[in-house]
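Those letters in the sequence shown? Residues 3 to 427, by the numbering used here.
Even for Gly, the Cβ is constructed at its ideal location relative to N, Cα and C.
Computed from a prediction, not measured in an experiment: that's the story for all the values here.
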Amino acid sequence: MDSVQTLIVGAGVSGLATAAALEGGDYLVLEADGEIGGYCKTIKQDGFVWDYSGHFFHFKRPEIEAWLRARMPGQRILTVEKKSFIAYKGRSVDFPFQKNIHQLPQEEFIDCLHDLYFAQVREGMPGADVPPPEAASFKEMLYNRFGRSIAEKFLIPYNEKLYACDLGTLDRDAMGRFFPHANLTDIVRNMKNPDNGSYNASFTYPEGGAIEYVNALARAVRPDRIALGESLVSLDLEARVARTTKREIRYERLVSSAPFNRLVSLAKLAHDPSVFTWNKVLVFNLGFDRKGPRNVHWTYFPDRATSFYRVGFYDNIFDTDRLSLYVELGYPADAKVDADAMLPRVLADLEREGVTDGHALVSKHSVVMDPAYVHITRASMAAHRTLSDQLRAHGVYSIGRYGGWTYCSIEDNIVEARALVESWT
Ligand SMILES: Cc1cc2nc3c(=O)[nH]c(=O)nc-3n(C[C@H](O)[C@H](O)[C@H](O)COP(=O)(O)OP(=O)(O)OC[C@H]3O[C@@H](n4cnc5c(N)ncnc54)[C@H](O)[C@@H]3O)c2cc1C
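Now the structure itself:
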């Protein structure tokens with residue numbers, strides 16, 4: 003039987019960042035897929051560069067960005083001032099919606115302002131930075147903080163399209179720091195002095211696509227320590243033995259970035275699987291014959307009649323002359339997704355929404371991200387805590403976006419992996 007000190011499951015950002023942090027240590031990375039990268043893969047096709055859905059980067063820790071860039075020789079990294087909008091009843095409203103209600107038709111603006119004001123007065127926070135009383139769910143938080151009109155015109159329909167679930171089941175903090183909060187003072191101030199800065203006011207993007215950050219991590223990992231096309235299929239927690247599609251491996255500790263619900267099943271831990279729910283996202287990457295709309299990087303589509311919830315414009319990031327889009331559609335986990343059958347509707351919706359204007363499609367690619375957004379609920383958080391403790395007691399650490407059953411960025415994945423390795427020294 004093979005043996006290794008640290009067995010790592012997954013060669014996405016989290017797994018590779020763990021291996022890189024172990025430096026010369028005794029580790030092996032198992033990757034089910036034939037390539038590294040996980041969800042940070044890039045497709046290059048017919049002169050277009052696409053990711054598995056839009057992946058743009060806003061590093062908060064300069065040392066992490068500098069570490070990555072030092073391992074990307076010759077790679078040009080674009081820094082882009084974000085331009086993002088909401089397609090709302092035939093007009094384009096700046097994102098975030100709640101800070102730009104003054105761009106709505108007057109009657110709708112009055113509805114939004116009225117409901118916002120009385121929601122925040124009721125919460126005792128007109129203009130104050132005092133968080134309102136605890137909401138029972140994400141949906142209740144939206145109503146409490148922003149009032150009925152903002153919630154029902156944008157926040158609820160948009161997020162329902164994305165998460166493909168009842169927002170009343172999600173924890174109030176389901177989006178964590180990724181939710182652009184704004185109080186009445188911010189909103190009223192923004193009417194005269196626009197400041198739509200949110201968590202991603204500007205972003206960086208490598209010319210070679212998101213995979214370049216993965217390649218940077220992989221440069222710090224020994225290639226012979228990555229086993230591609232080999233999946234973890236079961237775990238004996240007591241014996242600390244992993245069974246893969248090819249062999250058995252004894253480990254001292256195991257770090258997994260596989261989806262948490264699958265890991266606990268592979269480890270045969272008793273649990274209620276129904277607490278872990280998620281959506282899947284069908285992503286179309288579409289290349290067209292000529293340039294489309296300019297000065298936009300992505301647009302949100304809250305209208306339930308439109309199939310997609312967001313469209314991004316790679317050509318305006320790269321400053322290239324052919325329209326190059328990613329188009330995202332949210333589905334419940336148990337939905338059947340037929341990309342070929344969906345494409346004609348997506349193309350018709352793009353035309354109706356004015357994204358295309360008689361453009362000819364010249365290249366296409368699609369991928370289903372499953373899971374894409376996990377549903378963070380009180381029950382999922384409690385079960386994750388309890389089951390993680392049980393796994394840790396056996397030297398098994400579940401990390402990453404799906405191992406942590408959370409909402410996060412690649413930077414968060416790197417920070418978490420490094421902290422875990424540091425905790426062992
Ligand atoms: C729609 C969408 C948009 C996003 N946009 C951004 C963005 O703009 N900026 C940003 O920073 N982040 C973004 N993210 C988040 C980013 O994709 C993730 O944080 C990151 O890719 C997660 O990396 P990971 O290694 O934790 O997981 P993954 O990328 O899922 O990697 C896990 C790996 O484990 C492998 N694996 C699973 N099970 C097994 C098994 N049993 N045996 C062996 N291998 C296994 C998988 O094949 C996979 O390669 C986005 C995510 C989504 C869904």
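Top-ranked residue by Cα proximity to residue i, from the options
| i | options | result |
| --- | --- | --- |
| Tyr-207 | Thr-388, Thr-279, Ile-79 and Thr-8 | Ile-79 |
| Leu-234 | Met-3, Leu-9 and Ser-5 | Leu-9 |
| Asp-188 | Phe-310, Pro-98 and Cys-410 | Pro-98 |
| Glu-355 | Glu-110, Thr-171, Arg-93 and Glu-136 | Arg-93 |
| Ala-89 | Asp-48, His-299 and Leu-70 | His-299 |
| Thr-247 | Glu-232, Ser-259, Ala-260 and Val-257 | Glu-232 |
| Glu-424 | Cys-410, Ser-5 and Glu-25 | Glu-25 |
| Gly-402 | Ala-381, Thr-388, Ser-139 and Pro-373 | Pro-373 |
| Ala-241 | Val-266, Glu-110, Pro-261 and Glu-254 | Glu-254 |
| Asp-340 | Val-329, Ser-368, Leu-325 and Asp-323 | Ser-368 |
| Val-221 | Arg-420, Tyr-54, Trp-69 and Ser-382 | It is Arg, not Val, that sits at residue 221 in the sequence shown. Looking at the Cα atoms, Trp-69 is the closest of the given residues. |
| Met-177 | Thr-427, Arg-420, Ile-416 and Thr-408 | Thr-408 |
| Leu-30 | Asn-263, Ala-260 and Ile-228 | Ile-228 |
| Asp-48 | Tyr-404, Lys-366 and Gln-100 | Lys-366 |
| Val-6 | Lys-163, Ala-23 and Leu-32 | Leu-32 |
| Gly-210 | Phe-50, Gln-392 and Cys-114 | Phe-50 |
| Lys-91 | Thr-171, Pro-107 and Gly-27 | Pro-107 |
| Arg-312 | Met-143, Gly-40, His-57 and Asp-35 | His-57 |
| Cys-410 | Asp-4, Ala-23 and Phe-61 | Phe-61 |
| Arg-252 | Asp-238, Ala-260, Met-383 and Arg-63 | Asp-238 |
| Gly-76 | Met-383, Arg-224, Ala-218 and Trp-426 | Ala-218 |
| Phe-205 | Val-223, Glu-67 and Ser-276 | Glu-67 |
| Tyr-119 | Val-190, Ile-38, His-396 and Pro-275 | Val-190 |
| Ser-382 | Val-266, Pro-64, Trp-52 and Arg-394 | Val-266 |
| Leu-268 | Ala-421, Leu-393 and Leu-363 | Leu-393 |
Environment of residue i [buried if 16+ CB atoms lie within 10 Å]
| i | result |
| --- | --- |
| Ile-103 | buried |
| Phe-180 | exposed |
| Glu-418 | buried |
| Gly-12 | buried |
| Thr-20 | buried |
| Asp-117 | buried |
| Gly-17 | buried |
| Ile-158 | buried |
| Met-143 | buried |
| Asp-173 | buried |
| Ser-326 | buried |
| Gly-40 | buried |
| Leu-115 | buried |
| Lys-155 | buried |
| Ser-236 | exposed |
| Trp-52 | buried |
| Asp-197 | exposed |
| Ile-112 | exposed |
| Ser-276 | exposed |
8 Å contact criterion, which residue i and residue j should meet: CB distance rounded
| i | j | result |
| --- | --- | --- |
| Ala-308 | Asp-359 | Note that residue 308 is Thr in the sequence shown here, rather than Ala. At roughly 16 Å, the Cβ-Cβ gap does not stay under 8 Å, so Thr-308 and Asp-359 are not in contact. |
| Cys-167 | His-377 | 6 Å |
| Phe-278 | Tyr-404 | Not confirmed; about 10 Å, so no contact. |
| Gln-122 | Ala-184 | In fact, because the Cβ distance is near 10 Å, the residues do not count as touching under 8 Å. |
| Arg-292 | Arg-324 | 6 Å |
| Tyr-302 | Tyr-165 | At roughly 14 Å, the Cβ-Cβ gap does not stay under 8 Å, so Tyr-302 and Tyr-165 are not in contact. |
| Lys-84 | Ala-203 | 6 Å |
| Met-371 | Tyr-54 | 6 Å |
| Pro-295 | Val-357 | 7 Å |
| Leu-422 | Tyr-399 | 6 Å |
Cutoff 8 Å: residue i Cβ touching any chain C Cβ
| i | result |
| --- | --- |
| Glu-250 | Looking at the structure shown, chain C is missing, and only one protein chain is on hand. |
heavy atom of ligand 2 below 7 Å from residue i C-beta
| i | result |
| --- | --- |
| Cys-167 | With respect to ligand 2, the structure offers nothing, as its ligand set consists of ligand 1. |
Restricting to runs no shorter than 4 residues, where is the alpha helix (DSSP H) found entirely within the segment 248-289?
As far as the segment 248-289 is concerned, its whole alpha helix (DSSP H) runs of at least 4 residues are 262-268.
Residue ranges of each alpha helix (DSSP H) within the segment 323-408, 4 or longer:
Within the segment 323-408, the complete alpha helix (DSSP H) runs of at least 4 residues are 341-354, 380-394 and 402-405.
Would you list, in sequence order, the uninterrupted alpha helix (DSSP H) runs of no fewer than 4 residues that lie entirely inside the segment 179-249?
If we require 4 residues or more, the alpha helix (DSSP H) runs fully inside the segment 179-249 come out as 186-194 and 213-220.
Threshold first: 4 residues or longer. Then list the alpha helix (DSSP H) segments lying entirely within the segment 71-134, N to C.
Those alpha helix (DSSP H) runs which fall completely within the segment 71-134 and span 4+ residues are 108-124.
Is the segment 307-323 touching the segment 134-152 in the sense that three or more CB pairs, one from each, lie closer than 8 Å?
Segments in contact, no.
Pair every Cβ in the segment 203-220 with every Cβ in the segment 42-59, then say whether three or more of these pairs are closer than 8 Å.
Yes, they touch.
Using a Cβ distance threshold of 8 Å, determine whether the segment 317-337 contacts the segment 274-289, with at least three qualifying pairs required.
Touching, yes.
Which complete alpha helix (DSSP H) runs does the segment 14-58 hold, if anything under 4 residues is left out?
Qualifying alpha helix (DSSP H) stretches, in chain order: 15-23.
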